[in-house]
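What follows is a single structure, written as structure tokens, with notes after it.
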């Protein structure tokens, strides 16, 4: 696998150089793993809102370089599903903080992922509800750098520009990496009248609802840990009520950037929005 996820701060100068040196310091990461592996996992919680899903059908060959050894993607006829979901946190912090969690910031986050069939150490049920994190983007340095330092399951980047807004039923998303390592993406969507399943997704699903159920109800995530050539596995709790999910349709021109062009995610995506959900990170381990 190539080094697709090396962290580069989106600004030059002393601050950028210091952030890059800190995040990419392998001895520091190994020390952190040794220390935290002996401590109970600190569960994280957030009340997330406006979770916009954009999903493409891509050739497996185009994403093969992103898949760690031993991991098999969920696929049909040489095709796989790739999703970008973007959302706003509401006070993302330790669950143990209770009411004091309201003191924590509310970052924007965009998670880019593929869907897993099997992975080393996974059981049948856990593998079928697991995603492979490919990219993860924050708008807040504390979370982009913090997740790099304290987690192996979130290959995070810091966007130079990040917008995720909703106004009168129109969702507007922009990610720009600038001079950093965050990928570029722009998409505008509006509420759709019909819950229609695109033709490209029919080999995978028999209905709009079954597609949304599969794409939403994932309870685990893996990511490749490059400096250790291992997988990190995180368990998450995302109790989405499928009845609340709303269909969306893209409007205007989609701007995908170099990364999406390389993997072939260039057509109009299948979109929907989850208005709100209580999110928790339950555990993380190396396998």
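Numbering (this note's numbering), first residue to last: 1332 to 1618.
No residue lacks a Cβ here, since even glycine has one placed at the ideal position from N, Cα and C.
Proximity to residue i [Cα-Cα], best of the options
i	options	result
residue 1464	1419, 1530, 1473 and 1399	1399
residue 1293	1440, 1478, 1585 and 1511	Here the chain comprises residues numbered 1332 to 1618, so residue 1293 is not present and cannot be evaluated.
residue 1585	1371, 1505 and 1470	1505
residue 1577	1616, 1337, 1522 and 1508	1522
residue 1357	1466, 1450, 1444 and 1483	1483
residue 1534	1600, 1408, 1502 and 1381	1408
residue 1389	1426, 1375, 1432 and 1406	1406
residue 1336	1410, 1592, 1426 and 1554	1554
residue 1410	1445, 1537 and 1430	1445
residue 1607	1595, 1594 and 1575	1575
residue 1474	1424, 1517 and 1516	1424
residue 1595	1426, 1499 and 1395	1395
residue 1531	1542, 1372 and 1374	1542
residue 1372	1481, 1552 and 1449	1481
residue 1375	1551, 1343, 1432 and 1582	1432
residue 1494	1439, 1447 and 1462	1439
residue 1557	1397, 1391 and 1370	1397
residue 1538	1548, 1527, 1546 and 1547	1527
residue 1448	1412, 1498 and 1472	1412
residue 1623	1507, 1366 and 1580	Because the chain here runs from 1332 to 1618, residue 1623 falls outside it and cannot be looked at.
residue 1346	1591, 1560, 1472 and 1550	1472
residue 1460	1344, 1367, 1370 and 1549	1549
residue 1591	1466, 1344, 1436 and 1434	1466
residue 1361	1427, 1560 and 1593	1560
residue 1443	1536, 1552 and 1429	1552
residue 1593	1547, 1393 and 1344	1393
Three-state secondary structure (DSSP) of residue i
i	result
residue 1281	The question about residue 1281 has no answer here: the residues shown for the chain are numbered 1332 through 1618.
residue 1380	strand
residue 1425	strand
residue 1393	helix
residue 1542	helix
residue 1518	strand
residue 1362	helix
residue 1532	helix
residue 1434	helix
residue 1547	helix
residue 1485	coil
residue 1346	helix
residue 1373	coil
residue 1526	coil
Rounded Cβ spacing between residue i and residue j (contact assumed at less than 8 Å)
i	j	result
residue 1492	residue 1354	The Cβ separation is near 20 Å, so there is no contact.
residue 1470	residue 1490	6 Å
residue 1514	residue 1588	5 Å
residue 1605	residue 1571	5 Å
residue 1468	residue 1441	4 Å
residue 1476	residue 1350	6 Å
residue 1496	residue 1488	Incorrect: roughly 21 Å between the Cβ atoms, too far for contact.
residue 1509	residue 1341	4 Å
residue 1415	residue 1338	Wrong, their Cβ atoms sit about 19 Å apart, outside the cutoff.
residue 1544	residue 1573	6 Å
residue 1370	residue 1391	39 Å between Cβ atoms; not a contact.
Minimum Cβ-Cβ distance from residue i to chain D less than 7 Å
i	result
residue 1442	No chain D is present in this structure, which holds just one protein chain.
heavy atom of the ligand GDP below 6 Å from residue i C-beta
i	result
residue 1600	The ligand GDP is not part of this structure, which contains no ligands at all.
Those runs of the beta strand (DSSP E) which lie wholly inside the segment 1560-1602 and span at least 3 residues: 1561-1568 and 1577-1586
Evaluate the contact criterion for the segment 1560-1580 versus the segment 1611-1618: three or more CB pairs, one atom per stretch, below 8 Å. Taking a cut-off of 8 Å on C-beta distances, the segment 1560-1580 touches the segment 1611-1618, as three or more cross pairs fall below it.
Is the segment 1418-1425 close to the segment 1376-1392, with three or more CB pairs under 8 Å? yes
Three Cβ pairs or more, each shorter than 8 Å: is that satisfied between the segment 1598-1616 and the segment 1383-1395? yes
Entirely enclosed alpha helix (DSSP H) segments - the segment 1452-1483, minimum 4 residues: 1455-1459 and 1472-1481
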